[in-house]
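Written below as structure tokens is the structure these notes are about.
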Amino acid sequence: MNKHDNRIPPAKGKLGVLLPGMGAVSSTFIAGVELVKKGLGKPVGSVTQLQTIRLGKRYENRSPLIKDFVPLASIDSLVFGGWDLFPDDMWTAALKAGVLDEHRLAPVRKELEAVKPMKAVFDPAYLKNLKATHAKTGKSKWDLAQQVIADIESFKKKNGCDRVVMLWCGSTEILPEHAACHEDVEALERGLKDSDPAIPPSMIYAYAAIKSGIAYGNGAPNLSADVPALVELAEQTGSPICGKDFKTGQTLMKTTIAPMLKARMLGLTGWYSTNILGNRDGEVLDDPGSFKTKEKSKMSVLDTILEPGRYPDLYGKFHHKVRIDYYPPRGDAKEGWDNIDIRGWMDMPMQIKINFLCRDSILAAPIAMDLVLFLDLAKRAGLKGIQEWLSFFFKSPQCREDLLPEHDLFIQQMKLKNTLRILMGEEVLDHSGLDYYDAEKGTPVTAAAPKPAAKKKSLAKSAR
Ligand SMILES: NC(=O)c1ccc[n+]([C@@H]2O[C@H](COP(=O)([O-])OP(=O)(O)OC[C@H]3O[C@@H](n4cnc5c(N)ncnc54)[C@H](O)[C@@H]3O)[C@@H](O)[C@H]2O)c1
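6 is the number of the first residue of the sequence shown in this note's numbering; add one for each residue after it.
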């Protein structure tokens with residue numbers, strides 16, 4: 006048995022999951038959870054459910070599953086709700102999204118039909134390619150925010166939830182200009198009352214969640230909660246927040262390959278990335294405004310990983326291009342191509358080609374679930390404001406304004422696991438391994454360590 010830190014209250018009762026935006030990602034997430042509950046599917050891709058975490062020294066052989074180590078809510082306790090611009094229930098939305106086929110979805114049809122979106126907060130100025138048929142009306146943005154707050158409360162009551170988490174799975178909005186109303190809570194509340202045009206719908210949902218003191222995550226590149234006003238409010242109300250933009254297909258690849266190039270000091274001349282996808286997300290991104298938001302999110306990773314300022318010879322002048330083309334026949338089965346021009350010893354040119362035939366929402370759904378479970382854990386653990394340890398899941402990790410975000414997938418993973426160790430009162434691992442070989446200090450020779458005669462061999466083996 007692992008010791009659970011008494012300071013983190015256990016995950017009792019039901020956990021409400023509220024999703025603004027109930028399209029491909031949301032319906033795939035919900036369908037998957039309902040299938041897992043019935044033992045009809047496996048949560049492949051979920052770090053919380055499948056990954057282990059090493060504790061203590063390597064010879065202690067303590068590597069529990071993360072879900073057995075930290076007191077996470079169980080998948081069985083999840084209850085779903087949300088908002089959408091269209092009234093489709095999750096069965097209809099899942100069929101339209103076409104990620105999992107009807108045959109696969111059939112055993113959970115009843116559960117999916119029962120999840121019907123509430124009316125959305127919509128502003129056509131922020132989303133050009135969709136026309137809402139299921140939107141709230143209100144006298145002001147403040148009024149709309151109060152309606153969302155009331156929705157959260159009534160969902161919680163109606164479903165008997167102990168706790169609620171909100172995760173934005175809605176479309177990519179056009180980015181607003183930076184405005185005074187983003188700067189502090191007072192200005193934002195005034196802006197809501199004045200229906201300031203610089204407040205997009207995703208910021209209204211984020212405000213409602215954070216004002217209600219619940220955790221808020223942002224799966225899109227929208228500005229949403231990434232403004233000083235909402236960070237300040239999150240500190241005040243004790244809401245953990247994180248974002249932005251689920252790190253799935255191409256950026257997942259990019260943040261895996263780029264750290265390798267830098268680790269080996271290989272130069273980069275150019276990185277050309279292109280995607281074709283045909284789902285509703287692709288349709289939204291066909292609008293130049295929404296594409297610009299996504300492009301910014303996708304472009305930012307290379308500079309922060311490669312640090313051209315520090316390595317001008319290797320990374321000072323690389324050409325980076327990102328394209329997304331809406332191509333309906335492909336549906337959710339996105340295809341990404343990367344051509345990477347690199348340089349080695351004596352500046353000799355080489356190339357890497359990646360052709361990733363992925364399924365966007367199949368990669369995003371486990372991220373959504375892990376984020377919900379970790380955000381709920383963060384709330385119970387008393388963590389508030391920006392949760393940088395959840396950067397692992399995002400393309401543009403939200404972090405303190407004066408810091409650079411961490412994009413390297415492997416540093417992000419270490420950050421995540423060490424945070425869990427800290428939360429549970431376990432030793433932080435620096436992975437240096439030095440103390441295994443410090444005979445003078447004698448640190449490794451404990452009752453749990455291998456016997457001296459066998460030690461040399463087994464340590465050499467584990468060091469590999
Ligand atoms: N699928 C992925 O792998 C992936 C990866 C990274 C990020 N994302 C982002 O996640 C989001 C969801 O992706 P998706 O594939 O499910 O898209 P989708 O188009 O299938 O679903 C988005 C839904 O959000 C709804 N919506 C838009 N504005 C809304 C609002 N103001 N209130 C309530 N609902 C609203 C739309 O009606 C739509 O049903 C997008 O922003 C996408 O860019 C997706």
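Glycine is no exception: its CB is placed at the ideal position from the N, C-alpha and C atoms.
Under the DSSP assignment, residue 280 falls in the beta strand (DSSP E) whose first and last residues are 272 to 282. Between the beta-carbon of residue 248 and that of residue 231 there is about 6 Å, and that keeps the pair under the 8 Å contact cut. As a beta-bridge residue in DSSP terms, residue 356 pairs with 346. At a cut-off of 6 Å, the beta-carbon of residue 285 counts as near ligand 1: some heavy atom of the ligand is closer than that. For the 7 Å CB-CB criterion, residue 90 and residue 135 form a contact.
Leaving aside the five residues that flank residue 216 on each side, the residues in its chain whose CB is nearer than 7 Å to its CB run, in chain order, 154, 238 and 242.
Sequence-distant partners of residue 218 (beyond 5 residues in either direction) whose C-beta falls short of 8 Å from its own C-beta, in its chain, are 242, 243 and 244. Per DSSP, reduced to three states, the secondary structure at residue 267 is helical. Boundaries of the alpha helix (DSSP H) around residue 195: 190 to 198. CA-CA distance, residue 236 to residue 391, rounds to 7 Å.
Cβ contact annotation for residue 283 (same chain, cutoff 7 Å, sequence separation greater than five): 331, 332, 333, 334, 335 and 336, in chain order. In the DSSP assignment, residue 87 falls within the beta strand (DSSP E) that extends over 83 to 89. Check the Cα spacing between residue 122 and each of 62, 399 and 35: the tightest is with 35. Taking a C-beta distance under 7 Å as the contact criterion, residue 160 and residue 140 do not qualify as a contact pair. A distance below 7 Å separates the beta carbons of residue 58 and residue 71. DSSP places residue 22 within a strand segment (E or B) once states are collapsed to three. About 6 Å separates the CB atoms of residue 371 and residue 48; that is less than 8 Å, so the two are in contact. Restricting attention to alpha helix (DSSP H) runs no shorter than 4 residues, the segment 200 to 267 encloses them at 206 to 216 and 233 to 242, ordered along the chain. Per the Cβ contact rule, the segment 404 to 416 is in contact with the segment 305 to 321 (3 or more Cβ pairs under 8 Å). By the neighbour-count criterion, in which a residue is buried when 16 or more other Cβ atoms sit within 10 angstroms of its Cβ, residue 142 is exposed. Non-local C-beta neighbours of residue 33 in its own chain, meaning closer than 6 Å and more than five positions away in sequence, comprise 104, 366 and 370, ordered along the chain. According to the DSSP assignment, residue 167 belongs to no alpha helix (DSSP H) but to the beta strand (DSSP E) extending over 166 to 173. In terms of CA proximity to residue 318, 274 leads the group 274, 291, 329 and 422. Restricting attention to 387, 430 and 277, the CA atom closest to the CA of residue 258 is found in 277. Closest by C-alpha distance to residue 419, out of 395, 430 and 405, is 395. Pairwise C-beta distances place the segment 340 to 347 out of contact with the segment 287 to 298, as fewer than three of them are shorter than 8 Å.
Under the three-state reduction of DSSP, residue 13 is assigned to coil, being neither helix nor strand.
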